[in-house]
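Read the structure below first, then the notes.
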Amino acid sequence: MKVNVHDPRGEELAQVLTRATAALAQVPSPRVDAELLAAHLLYDGSRSRLQHAALMGERLTPEQVAEYEALVARRVRREPLQHITGSAPFYRLELAVGPGVFVPRPETELLAEEALKVLAARTESATGQLRIVDLCTGSGAIAAAIKSELPNAQVFAVELSEDAIPYTRKNLEPLGVHLVQGDALTALPELAGTFDAVLSNPPYIPPANVPADPEAALHDPDMALYGGGEDGMQMPSAIAARAFELLTPGGLFIMEHDDTQEEAVAELLARVGFEGCYPVRDLNNRPRHSVGYKPRPLEPLD
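Here the working numbering runs 788 ahead of the position in the sequence shown, where the first position is 1.
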């Protein structure tokens, strides 16, 4: 949609943004959200173009104002910004998201970055094609980030949810990721023992820890949030065991978890059989991911 600059009956964009910012006072970032919604509607998502237009005194038609205020009203009701715009930034990508799929979080980018750091060295020395799988892929965020940086790798992604799959497919098929709709605990049996890396952001929240943000509590699917059991560790435990089965000796496993689960996950990985384990901390120094390696067989003694 184009802005009508010269309509004398129009309202200045800057005034509309100020009013929207006030209406959004209860959301965490009122001005940012007001600008992102307007940029989505009027400037193909470009916030810099929007800000320039506001500085230049551009005006909106009454129809444009009404359409914009309808979007603002949805955000006031705490509908996720990403659902309204239909996209979420992740790593260096824009992913399609909407109702029924978990909106990827910035902290999960650290999982992808850690995986790429480890796998980059292996790419240089590997004699064959790297094989990587993202279990409980949701929107496909982790798989997409990995494939975008390692285009020659064979990347798989597994997702069970019927509601999430349309978004997953839209995000992953253009990149050439092999998408499997099915149970992460049983998928890809024919490839067990062949993966160089298994990555996962499984559901892990304990049932008592309902997210404080309405955007997550009311709009993220429960099956993507709650890990099962009193401590939320039921699904992470099953994912770790399945990862061990899928990995080749020396293979890499990285899993996201709650910052209260560091000790439980460390014990889990040791019990499953992983070695060389260590936590990865987020920008607030909270343990949010754990790394482990499937042991290589002992070299025979001469």
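C-beta atoms are modelled at their ideal positions from N, C-alpha and C, and glycine is treated no differently.
For residue i, does the three-state DSSP call read helix, strand or coil?
| i | result |
| --- | --- |
| residue 1001 | coil |
| residue 957 | helix |
| residue 922 | strand |
| residue 760 | Not covered by the structure: residue 760. The range shown for the chain is 789 to 1090. |
| residue 910 | helix |
| residue 967 | strand |
| residue 901 | helix |
| residue 1045 | coil |
| residue 949 | coil |
| residue 1068 | strand |
| residue 883 | strand |
| residue 1037 | strand |
| residue 985 | strand |
| residue 917 | coil |
| residue 1076 | strand |
| residue 944 | strand |
| residue 1018 | coil |
| residue 790 | Reliability of the predicted coordinates at residue 790 is poor, the pLDDT of 44 falling under 50, and the value obtained from them is presented with this limitation in mind. In the structure shown, residue 790 sits in coil (DSSP, three-state: anything other than H, G, I, E or B). |
Which one of the options has the shortest CA to CA distance from residue i?
| i | options | result |
| --- | --- | --- |
| residue 986 | 999, 934, 948 | 934 |
| residue 1080 | 830, 1054, 826, 872 | 1054 |
| residue 853 | 826, 870, 1004 | 826 |
| residue 831 | 888, 921, 846 | 846 |
| residue 802 | 885, 1076, 819 | 819 |
| residue 939 | 823, 904, 1038, 1059 | 904 |
| residue 1076 | 1082, 1083, 1068 | 1068 |
| residue 894 | 922, 879, 887, 964 | 879 |
| residue 941 | 907, 1047, 961 | 907 |
| residue 902 | 1086, 1070, 1082 | 1070 |
| residue 931 | 999, 960, 949 | 960 |
| residue 964 | 982, 945, 981 | 945 |
| residue 976 | 943, 1047, 1008 | 943 |
| residue 1026 | 989, 1010, 1051, 1005 | 989 |
| residue 1072 | 1012, 1047, 1082 | 1047 |
| residue 877 | 865, 992, 897, 862 | 897 |
| residue 866 | 1030, 936, 1045, 1007 | 1007 |
| residue 881 | 1030, 982, 1084, 962 | 962 |
| residue 1013 | 993, 806, 798 | 993 |
| residue 982 | 949, 1034, 997, 996 | 1034 |
| residue 1028 | 1058, 999, 843 | 1058 |
| residue 1091 | 811, 838, 886, 937 | Summary: the structure shown does not reach residue 1091, with the chain confined to residues 789 through 1090, and so no result is reported for it. |
| residue 929 | 950, 967, 999, 1011 | 967 |
| residue 798 | 843, 1085, 848, 1010 | 848 |
| residue 806 | 837, 842, 1005 | 842 |
Measuring only the C-alpha atoms, how far is residue i from residue j?
| i | j | result |
| --- | --- | --- |
| residue 1032 | residue 1022 | 16 angstroms |
| residue 947 | residue 800 | 46 angstroms |
| residue 1049 | residue 840 | 45 angstroms |
| residue 1061 | residue 899 | 21 angstroms |
| residue 974 | residue 889 | 21 angstroms |
| residue 834 | residue 828 | 7 angstroms |
| residue 1036 | residue 984 | 6 angstroms |
| residue 970 | residue 1001 | 29 angstroms |
| residue 916 | residue 979 | 15 angstroms |
| residue 1065 | residue 927 | 27 angstroms |
| residue 1042 | residue 919 | 15 angstroms |
| residue 1074 | residue 870 | 25 angstroms |
| residue 1078 | residue 1039 | 14 angstroms |
| residue 808 | residue 1056 | 48 angstroms |
| residue 958 | residue 817 | 29 angstroms |
| residue 794 | residue 823 | Annotation note: pLDDT 48 at residue 794 (below 50); position unreliable, coordinate value reported separately. Computed Cα separation, rounded: 21 angstroms. |
| residue 1003 | residue 856 | 20 angstroms |
| residue 1045 | residue 850 | 47 angstroms |
| residue 790 | residue 860 | With a pLDDT of 44 at residue 790, under the threshold of 50, the predicted position of this residue should be treated as unreliable, though the coordinate-derived value follows. Whole-angstrom Cα-Cα distance: 18 angstroms. |
Between residue i and chain C, is the shortest Cβ-Cβ distance under 8 angstroms, so that the two count as touching?
| i | result |
| --- | --- |
| residue 907 | Annotation note: the requested chain C is absent from the structure, which comprises a single protein chain. |
Complete runs of the alpha helix (DSSP H) confined to the stretch 810-874 [at least 4 residues]:
818-830, 835-843, 850-864, 869-873
The stretch 1009-1020 / the stretch 953-968 touching (three or more Cβ pairs under 8 angstroms):
no
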